[in-house]
Amino acid sequence: SQQGEEDPQALSIQEGENATMNCSYKTSINNLQWYRQNSGRGLVHLILIRSNEREKHSGRLRVTLDTSKKSSSLLITASRAADTASYFCATAVYSTLTFGKGTMLLVSP
Amino acid sequence: EAQVTQNPRYLITVTGKKLTVTCSQNMNHEYMSWYRQDPGLGLRQIYYSMNVEVTDKGDVPEGYKVSRKEKRNFPLILESPSPNQTSLYFCASSLVGNQPQHFGDGTRLSIL
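What follows is the structure, encoded as structure tokens:
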């Protein structure tokens, strides 16, 4: 059962611009996590936001969580070509983590 | 270095020939999981284990087996592989199931 749905499916921007990706889900969650995947490689954990938190920052990443709307957003500020990757949200319900299908981000120099 | 190690990284095999993909973690994590990744379908969980000798089905368990005899190892077994199991497979581990997961580099499996 796929819980999180990312939007958009693909995003193309220029270096220096901000990138925003959204994630919607259907049921109550314990936390929501964002991961990054470089082409064909393993996923790398970026940030975790708990259900009682509204916003969290890590370097150039900003994550928000709106539990009333069952949605989250990931903002990458001042994007770099090296940010080109797929980004996945994952919703944690009890002991299970369920991944969405991802947003492909292309950052052009 | 903390890591999840999968072997092999690539495998081409034929229908019906039993194979095992190994997964080992060195972080003393209790939770381990197997996923498959297919274009347009994202990551889907095959099986997971919350601790030694405790395993449970994920979303797509058909055609797969797992075992968890030791904390560090969680092999994925395809007893009679079929072409629809051609996919990119990932093993992951975490302290507990809803915490950040560490992923292996993946195993690309082609079944002819």
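Taken in sequence, the protein lines are chains Z and F. Sequence positions in the first sequence follow the working numbering and run 1237 to 1345. Sequence positions in the second sequence follow the working numbering and run 320 to 431. Backbone N, C-alpha and C define an ideal beta-carbon position, used for all residues, glycine too.
Kindly confirm or deny that the stretch 1295-1310 of chain Z and the stretch 1256-1266 of chain Z touch, where touching means at least three C-beta pairs closer than 8 Å.
-> In short, these stretches touch, since the Cβ pair count reaches three.
Is DSSP giving Ala1321(Z) helix, strand or coil here?
-> In this structure, Ala1321(Z) counts as strand in the three-state DSSP scheme.
Length of the line joining the Cα atoms of Ser1294(Z) and Val371(F) | Answer to the nearest angstrom: the Cα atoms are 34 Å apart.
May I ask you to report which of helix, strand or coil DSSP gives Asn347(F)?
-> Looking at Asn347(F) - three-state DSSP - the assignment turns out to be coil, as it is neither helix nor strand.
Which of helix, strand or coil DSSP assigns to Gln404(F) | Helix.
Have a look at Ile1283(Z), Ala1318(Z), Gln1245(Z) and Asn1254(Z) and flag the residue whose alpha-carbon is nearest the alpha-carbon of Pro358(F).
-> Checked all of Ile1283(Z), Ala1318(Z), Gln1245(Z) and Asn1254(Z); the closest Cα to Pro358(F) is Gln1245(Z).
With a 10 Å radius around its C-beta and 16 neighbouring C-beta atoms as the bar for buried, classify Ala1314(Z) as buried or exposed.
-> When all chains shown are included, Ala1314(Z) counts as exposed.
Are the C-beta of Met369(F) and some C-beta of chain Z separated by less than 8 Å?
-> By this cut-off, Met369(F) is an interface position.
What separation, rounded to the nearest whole angstrom, lies between the Cα atoms of Gly1338(Z) and Lys388(F)?
-> Annotation: Gly1338(Z) to Lys388(F) spans about 33 Å, alpha carbon to alpha carbon.
List, in order along the chain, the chain F residues whose C-beta lies closer than 7 Å to that of Thr1256(Z)?
-> Against chain F, a Cβ distance below 7 Å from Thr1256(Z) picks out nothing, because the smallest value is about 20 Å.
Spell out whether any CB of chain F is found under 8 Å from the CB atom of Gly1338(Z).
-> For Gly1338(Z), the answer is yes, since a Cβ of chain F falls inside 8 Å of its Cβ.
Consider the Cβ of Phe422(F): report whether some Cβ of chain Z lies at a distance smaller than 8 Å.
-> For Phe422(F), a Cβ of chain Z is located within less than 8 Å of the residue's own Cβ.
From Leu1333(Z), Thr1327(Z) and Ala1318(Z), pick the residue whose C-alpha is nearest to that of Ser1275(Z); which is it?
-> Checked all of Leu1333(Z), Thr1327(Z) and Ala1318(Z); the closest Cα to Ser1275(Z) is Ala1318(Z).
Do Arg355(F) and Tyr408(F) have their CB atoms nearer than 8 Å?
-> In this structure, Arg355(F) places its C-beta atom within 8 Å of the C-beta atom of Tyr408(F).
DSSP three-state assignment for Phe409(F), whether helix, strand or coil = Note: Phe409(F) maps to strand in three-state DSSP.
Residue burial classification, Gly1252(Z) (beta-carbon count within 10 angstroms, cutoff 16) = If you draw a 10 Å sphere on the C-beta of Gly1252(Z), you find fewer than 16 other C-beta atoms in it, and that means exposed.
For Ala1328(Z) and chain F, any beta-carbon pair shorter than 8 Å?
-> It does; some Cβ of chain F falls within 8 Å.
For Leu1284(Z), decide whether its Cβ has a neighbour in chain F, counting only Cβ atoms nearer than 8 Å.
-> Leu1284(Z) counts as touching chain F.
Name the chain F residues whose beta carbon is nearer than 8 Å to that of Arg1298(Z)?
-> Residues of chain F passing the Cβ test: none, with the nearest at roughly 18 Å.
Kindly indicate the opening and closing residues of the beta strand (DSSP E) around Gly1336(Z).
-> Unbroken run through Gly1336(Z): none, as it is neither H nor E.
Determine the closest residue to Lys1292(Z) out of Leu1279(Z), Leu1333(Z), Arg1277(Z) and Gln1269(Z), with distance taken between C-alpha atoms.
-> Of the candidates Leu1279(Z), Leu1333(Z), Arg1277(Z) and Gln1269(Z), the one whose C-alpha sits nearest the C-alpha of Lys1292(Z) is Gln1269(Z).
Run down chain F in chain order and give the residues with a C-beta less than 8 Å from the C-beta of His1281(Z).
-> What His1281(Z) touches in chain F: Pro419, Gln420 and His421.
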